Amino acid sequence: DGGITQSPKYLFRKEGQNVTLSCEQNLNHDAMYWYRQDPGQGLRLIYYSQIVNDFQKGDIAEGYSVSREKKESFPLTVTSAQKNPTAFYLCASMGPTPSTDTQYFGPGTRLTVL
Amino acid sequence: AQSVAQPEDQVNVAEGNPLTVKCTYSVSGNPYLFWYVQYPNRGLQFLLKYITGDNLVKGSYGFEAEFNKSQTSFHLKKPSALVSDSALYFCAAASGPGGFKTIFGAGTRLFVKA
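Written out as structure tokens, the structure reads:
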């Protein structure tokens, strides 16, 4: 899981509450990503950021928000607007050159809405 | 819409036999192609990637993948399967400006029986 930490490992939330998932990397990578993993659907891209203070929506950004104030940090907020937030969330980072770099993944956070 | 397809939800193979996990892609241009492996409740680990050049790519743990441009396929192979290869395998394609956005397939679960 090389150099990427996600916390907490398990998270429980009541309906209607916002919750923030942490992702930190010490790989000095420019790009960072958030994915959602559901059984049988693979990984779906929520948001990604190529540099500090910039980020792009992925395929399923509705109900989520992110910030990228520091190179090493890319927190994800799951808002009450996300209708089905129970899932496994994975953060990843990558160096500046996709042709030679690969994504490194964190260990994930499992979010359960009660 | 751009997509990556893994047509088999599950592949079963006996230990010592060759294995193939299939992947096809529908992505514009010349995408970078990847295989990742996931063990239970863990993040994804990189196996191999195709950027350009030789159609047979060798990766970690004895895995290799064959790129076929005419069939838009990137099948994962291993000559002799091990029980420890049992895991969830994801095919992915990087697309978009600079290749930063990555699209994942739904995953194929590999079971290797002793």
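These protein sequence lines are chains A and B, in that order. Going by the numbering used here, the residue at position 96 of the first sequence is 128; the numbering climbs one at a time, nothing skipped. Going by the numbering used here, the residue at position 77 of the second sequence is 594; the numbering climbs one at a time, nothing skipped. Here a beta-carbon is modelled for each residue, glycine too, at the ideal position from N, C-alpha and C. Quantities reported herein were computed from a predicted structural model and do not represent experimental measurements.
Quick check: the region 71-85 of chain A against the region 540-552 of chain B, are there 3 or more CB pairs under 8 Å?
Contact between the region 71-85 of chain A and the region 540-552 of chain B is absent, because fewer than three Cβ pairs lie under 8 Å.
Give the DSSP-derived three-state secondary structure of Y486 of chain B in the structure shown.
As displayed, chain B neither begins before 518 nor continues past 631, which places residue 486 of chain B out of reach and without an answer.
Spatial neighbours of D526 of chain B within its chain, please: C-beta separation below 7 Å, excluding the five flanking residues on both sides.
Excluding its 5 nearest sequence neighbours in each direction, D526 of chain B has C-beta neighbours in its own chain below 7 Å: T625 and R626, listed in chain order.
Under 7 Å between beta-carbons, which chain A residues line up against G624 of chain B? List them in chain order, please.
Residues of chain A passing the Cβ test: G74.
Alpha-carbon spacing of Q73 of chain A relative to A623 of chain B, whole angstroms
Their Cα atoms are separated by approximately 5 Å.
Compute the Euclidean distance between the alpha carbons of T569 of chain B and G616 of chain B, then round it to the nearest angstrom.
Taking the straight line from one Cα to the other gives about 14 Å.
Under the three-state DSSP convention, the category D33 of chain A falls into
In this prediction, D33 of chain A has a pLDDT of 46, which is less than 50 and means its spatial position is unreliable; what the coordinates show is noted afterwards. In this structure, D33 of chain A counts as coil in the three-state DSSP scheme.
As a quick exercise: from A:P139, A:D133 and A:R68, pick the residue whose alpha carbon is nearest that of L565 of chain B.
Check the Cα spacing between L565 of chain B and each of A:P139, A:D133 and A:R68: the tightest is with A:D133.
Under 8 Å Cβ-Cβ, which residues of chain B neighbour Q82 of chain A?
The CB of Q82 of chain A comes closer than 8 Å to the CB of G615 and F617 in chain B, given here in chain order.
Per-residue DSSP class, three states only, for V544 of chain B
V544 of chain B carries a coil assignment under DSSP once its states are collapsed to helix, strand and coil.
Buried or exposed, going by whether 16 or more other CB atoms sit within 10 Å of the CB of A631 of chain B?
Answer is exposed; the Cβ neighbour count stays below 16.
Check each residue of the region 115-145 of chain A: if its Cβ is closer than 7 Å to any Cβ of chain B, include it; give the result in chain order.
Correct list: L122, P130, S131, T134, Q135, F137, G138, P139 and G140.
Residues of the region 545-556 of chain B whose Cβ lies closer than 9 Å to any Cβ of chain A, in chain order:
Cβ contacts with chain A: Y549, F551, Y553 and Q555.
I'd like to know if L593 of chain B contacts chain A, where contact means its C-beta is closer than 8 Å to some C-beta of that chain.
False, the Cβ-Cβ gap to chain A never drops below 8 Å.
In the DSSP assignment, the beta strand (DSSP E) including H592 of chain B goes from what residue to what residue?
That run of the beta strand (DSSP E) goes S590 to K595.
To the nearest angstrom, how far is the alpha carbon of D62 of chain A from that of G35 of chain A?
Cα to Cα, D62 of chain A sits roughly 14 Å from G35 of chain A.
Quick check: does the Cβ of I36 of chain A come within less than 7 Å of any heavy atom belonging to the ligand ATP?
In the structure shown, the ligand ATP is absent, as is every other ligand, since no ligand is present at all.
Using the C-alpha atoms, what's the distance from Q49 of chain A back to Y556 of chain B?
Distance between the alpha carbons of Y556 of chain B and Q49 of chain A: 31 Å.
Can you tell me which of A:P117, A:G95, A:C123 and A:E47 puts its alpha carbon nearest to the alpha carbon of T37 of chain A?
Looking only at A:P117, A:G95, A:C123 and A:E47, the smallest Cα-Cα distance to T37 of chain A is reached by A:C123.
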